[in-house]
Amino acid sequence: MLHLYDYLASGNGYKVRLALRLLGRPYRLTELDILKGETRTPAFLAKNPNGRIPALELEDGTVLWESNAILFYLADGTRLLPTDRLLRAQVLQWMFFEQYSHEPYIAVMRFWLHYTGLDEDKLRQRAKKMEGGYAALAVMESRLAAAPYFVGGALSIADLALYAYTHVAHEGEFDLGRFPAIRAWLARIAAEPGYAPITAG
Ligand SMILES: N[C@@H](CCC(=O)N[C@@H](CS)C(=O)NCC(=O)O)C(=O)O
Numbered sequence: 002m003l004h005l006y007d008y009l010a011s012g013n014g015y016k017v018r019l020a021l022r023l024l025g026r027p028y029r030l031t032e033l034d035i036l037k038g039e040t041r042t043p044a045f046l047a048k049n050p051n052g053r054i055p056a057l058e059l060e061d062g063t064v065l066w067e068s069n070a071i072l073f074y075l076a077d078g079t080r081l082l083p084t085d086r087l088l089r090a091q092v093l094q095w096m097f098f099e100q101y102s103h104e105p106y107i108a109v110m111r112f113w114l115h116y117t118g119l120d121e122d123k124l125r126q127r128a129k130k131m132e133g134g135y136a137a138l139a140v141m142e143s144r145l146a147a148a149p150y151f152v153g154g155a156l157s158i159a160d161l162a163l164y165a166y167t168h169v170a171h172e173g174e175f176d177l178g179r180f181p182a183i184r185a186w187l188a189r190i191a192a193e194p195g196y197a198p199i200t201a202g
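For the sequence shown, this note's numbering gives the first residue as 2, with consecutive numbering after it.
Structure (structure tokens):
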């Protein structure tokens, strides 16, 4: 059985849990408390030398890490990843966008406000983080005003990758009030059969 190492509040972990749920794939869950350094133990570093969740241990013992790589592996051959070459590249385009232009702003603000608090250094970075997050949301809004999903008119792992931290963006003090297309897309995903909230194991 697939074995997921995760921390329930993590959006990166939630991407993987949501894909597993939507695909109906059973899995075993081991929770690691990132706030207590449980991803930095020798035992876990032997699984992911980068010391971070999520990590997915496959049936043959191979451990895959990096949330979007795990999504790509799970989705291959399913409705969550198109077969067309250009559409697959567009899925990757949005997943790289998520990691470079979205997560470092929206996920980080949420983490600071909810888990670490804001020290002087973080307070200095706050305006830039908010600016970067809103820039990412504006890019998403313009795409979703023209199409129901990011790629090919159907739900894909590009949507799951971006959903994870967007649906909790308010926890980072981002206001989605001026992004109606994003809010409609969030509702479409939450209505998917098999959907489970971020707090579900
Ligand atoms: N790019 C990675 C980011 C993974 C990541 O930052 N994980 C965080 C939780 S969201 C973590 O494990 N932090 C614990 C630590 O750094 O010790 C991914 O998408 O999987």
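Just so you know, even glycine gets a beta-carbon here, dropped at the ideal spot from N, CA and C.
Opposite Y135 in the DSSP bridges: which residues?
As a working mapping, residue 135 is identified with position 134 in the sequence shown. Y135 is not bridged to any residue.
Rounded straight-line distance, which links the Cα of E60 to that of K129
Position 128 of the sequence shown, counted from the start, is the residue given in the question as residue 129. Position 59 of the sequence shown, counted from the start, is the residue given in the question as residue 60. Their backbone Cα atoms lie some 43 Å apart in a straight line.
Looking at the unbroken beta strand (DSSP E) that takes in R29, where does it start and where does it end?
Indexing the sequence shown from 1 puts residue 29 at position 28. From DSSP, the beta strand (DSSP E) with R29 extends over 28–32.
Any idea what DSSP makes of V169, helix, strand or coil?
On the sequence shown, residue 169 is found 168 positions in, with the first residue counted as 1. Here V169 sits in coil by DSSP.
What residue range does the beta strand (DSSP E) around L87 cover?
For the purposes of this step, residue 87 is identified with residue 86 of the sequence shown, where counting begins at 1. No beta strand (DSSP E) contains L87, which is instead part of the alpha helix (DSSP H) from 86–98.
Classify H115: buried if its beta carbon has 16 or more other beta carbons within 10 angstroms, exposed otherwise.
Locating residue 115 in the sequence shown gives position 114, counting from the first residue. Exposed, because fewer than 16 other Cβ atoms sit within 10 Å of the Cβ of H115.
Nearest-angstrom Cα distance between R184 and S143?
Your numbering for residue 184 matches position 183 in the sequence shown. Your numbering for residue 143 matches position 142 in the sequence shown. When rounded, the distance between both Cα atoms is 13 Å.
Residues near L187 in its chain [Cβ-Cβ closer than 6 Å; skip 5 each side]
As a working mapping, residue 187 is identified with position 186 in the sequence shown. If we look at L187 and ignore the five residues flanking it on each side, its Cβ neighbours are H168.
Rounded C-alpha distance that separates I35 from K48:
On the sequence shown, residue 35 is found 34 positions in, with the first residue counted as 1. On the sequence shown, residue 48 is found 47 positions in, with the first residue counted as 1. Cα-Cα distance, rounded: 15 Å.
To the nearest whole angstrom, what separates the beta carbons of I158 and L82, a pair I think is in contact under 8 Å?
As a first step, residue 158 must be located in the sequence shown, where it is residue number 157. As a first step, residue 82 must be located in the sequence shown, where it is residue number 81. With 8 Å as the limit, I158 and L82 qualify as a contact, their Cβ atoms being about 6 Å apart.
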